[in-house]
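Residue numbers (this note's numbering): 1420 to 1764. Following: one structure in structure tokens, then a few remarks.
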Amino acid sequence: MTDRLESIARQNMLGSHLSPSRTECYITSDMFYVEVHLDKAGKLVDVKVAHHGENPVSCPELIQHLRIATNTNTVETILHGSVGLLTARSGGHLVSLQCYVSPNDIFEEGTGAQLNYTDVNIPRTLGVSVSVTVEGTTSVYKLPIAPLITGSHPVDNKGTPSFSSVTNSNCVDLPACFFLKMNRLMPFSLSYIKKMSSTTGISVFETMPPLSPLYDLIIKSQLHEEGEASPPALAQSMRFYASLPGQQHCYFLNGDAPVQDGRTLQGAYVSKIPFRHPAQVPALLDIIRHQAAYNTLIGSCVKKTYIKEVVMEVIDSRQVACKLYKGLSDALICTDDFITKVVQR
1420 MTDRLESIAR QNMLGSHLSP SRTECYITSD MFYVEVHLDK AGKLVDVKVA HHGENPVSCP
1480 ELIQHLRIAT NTNTVETILH GSVGLLTARS GGHLVSLQCY VSPNDIFEEG TGAQLNYTDV
1540 NIPRTLGVSV SVTVEGTTSV YKLPIAPLIT GSHPVDNKGT PSFSSVTNSN CVDLPACFFL
1600 KMNRLMPFSL SYIKKMSSTT GISVFETMPP LSPLYDLIIK SQLHEEGEAS PPALAQSMRF
1660 YASLPGQQHC YFLNGDAPVQ DGRTLQGAYV SKIPFRHPAQ VPALLDIIRH QAAYNTLIGS
1720 CVKKTYIKEV VMEVIDSRQV ACKLYKGLSD ALICTDDFIT KVVQR
């Protein structure tokens, strides 16, 4: 919160400073000053206002306003914030924007209870995030060399500020570009790759890579995340089984899934997305979120193991009952009774 308060103060040409303990933030003007008191965890305690030379007085209106602003759910910020959950640059760490988490990320496995994530304890590697970098390119682009936000500026209903346009006075031509660097390789459909290029006016790839069936990319990406060193070939990987309590599911994924124009759904892995202006970032994050949600839905059907599992029930110290679960089209290798006899020996 202190970083945000100092940023707001600078934008409105007010002075600000922190106490040595970083639990008090002072915002000053020529006529008055504001004290914002926080506890050691960074939660709001009190807000006081005073004219210079007078004793500070607690201000309930400012307390209420700041509490509403700071009680925003962290997951909601990640999924719906204009720039997700922002982690400022610190030391050797780049600016990071967490923009998507899946249901599996925010619910506890087994109990299904929602995990209580806050800005402080949420793992920075969770879900999909991007880092903001500058890298060299073969083409020349106009990059800002001065802040594009100055003084007081209007914001929209999401709190996104309006930026100055790029001009010769605040930019310079450089063989470089800003990039949103993905925390992991992510499959994107060709239509979304084109949409990102249209948003920024820059091609996502300097050299377009060979396209592959999108479902094939999603399956390989999902199996890689689950620790599969060598994902199976496409023809073998399009049928997946899930053994649930009292039922079995079988998912078929069509690698040649058609689209409206009759062509198959193609895509490519994306590691970084170029952009030239900060106003383009929210639109790019929305595209990333949409693709990540689609990948999560398809990836939820992908299972690392095929359904050839033996479940053993220990009835007592002398009796063990075994049951073999297999795919509907798999040949019967042996009966449950035979497995039980082998185990009991």
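All C-beta atoms, glycine included, are put in the ideal place defined by N, C-alpha and C.
Using CA atoms only, rank isn't needed, just tell me which of the options is closest to residue i.
{"i": "threonine 1556", "options": "Leu1630, Phe1597, Gly1511 and Val1739", "result": "Phe1597"}
{"i": "valine 1502", "options": "Ala1711, Val1476, Val1700 and Thr1421", "result": "Val1700"}
{"i": "serine 1438", "options": "Val1455, Gln1430, Ala1428 and Met1450", "result": "Val1455"}
{"i": "phenylalanine 1582", "options": "Leu1704, Val1514 and Gln1430", "result": "Gln1430"}
{"i": "aspartate 1680", "options": "Glu1625, Ser1610, Leu1743 and Pro1664", "result": "Ser1610"}
{"i": "alanine 1712", "options": "Tyr1519, Glu1425 and Val1468", "result": "Tyr1519"}
{"i": "serine 1440", "options": "Ala1460, Glu1527, Ser1448 and Asp1705", "result": "Ala1460"}
{"i": "valine 1453", "options": "Gly1646, Gly1500 and His1470", "result": "His1470"}
{"i": "isoleucine 1717", "options": "Arg1658, Gly1511, Ile1497 and Asp1705", "result": "Arg1658"}
By a C-beta neighbour count over all protein chains shown, 10 Å radius and 16 as the cutoff for buried, is residue i buried or exposed?
{"i": "glutamine 1667", "result": "exposed"}
{"i": "cysteine 1753", "result": "exposed"}
{"i": "lysine 1639", "result": "buried"}
{"i": "valine 1464", "result": "exposed"}
{"i": "leucine 1504", "result": "buried"}
{"i": "valine 1591", "result": "exposed"}
{"i": "valine 1721", "result": "buried"}
{"i": "leucine 1636", "result": "buried"}
{"i": "alanine 1687", "result": "buried"}
{"i": "proline 1606", "result": "buried"}
{"i": "serine 1766", "result": "Since the displayed the chain opens at 1420 and closes at 1764, residue 1766 lies outside it and no answer follows."}
{"i": "isoleucine 1692", "result": "buried"}
{"i": "valine 1494", "result": "buried"}
{"i": "cysteine 1669", "result": "exposed"}
{"i": "glutamine 1533", "result": "exposed"}
Assuming residue i contacts residue j (C-beta within less than 8 Å), just tell me the rounded distance between them.
{"i": "serine 1631", "j": "serine 1622", "result": "The pair is not a contact, with the Cβ atoms about 19 Å apart (cut-off 8 Å)."}
{"i": "isoleucine 1568", "j": "proline 1580", "result": "5 Å"}
{"i": "leucine 1562", "j": "arginine 1695", "result": "7 Å"}
{"i": "leucine 1604", "j": "tyrosine 1634", "result": "Actually they are not in contact, since the Cβ atoms of leucine 1604 and tyrosine 1634 sit about 16 Å apart, beyond 8 Å."}
Can you name the start and end residues of the beta strand (DSSP E) that residue i belongs to?
{"i": "tyrosine 1445", "result": "1443-1447"}
{"i": "glycine 1434", "result": "1434-1437"}
{"i": "glutamine 1667", "result": "1666-1671"}
{"i": "tyrosine 1452", "result": "1451-1457"}
{"i": "glutamine 1517", "result": "1515-1519"}
Please report the residue range of the alpha helix (DSSP H) in which residue i lies.
{"i": "glutamine 1430", "result": "1421-1430"}
{"i": "leucine 1505", "result": "From DSSP, leucine 1505 is part of no alpha helix (DSSP H) but of the beta strand (DSSP E) over 1504-1506."}
{"i": "aspartate 1524", "result": "1522-1525"}
{"i": "glutamine 1699", "result": "No alpha helix (DSSP H) contains glutamine 1699, which DSSP labels as neither H nor E."}
{"i": "leucine 1663", "result": "Unbroken run through leucine 1663 is the beta strand (DSSP E), 1658-1663; no alpha helix (DSSP H)."}
Quick check on residue i - is its C-beta less than 7 Å from some C-beta in chain C?
{"i": "leucine 1630", "result": "Checking the listed chains, one finds no chain C in this structure; it contains a single protein chain."}
Unbroken stretches of the beta strand (DSSP E), 3 residues or longer, contained in the region 1546-1603 = 1547-1563
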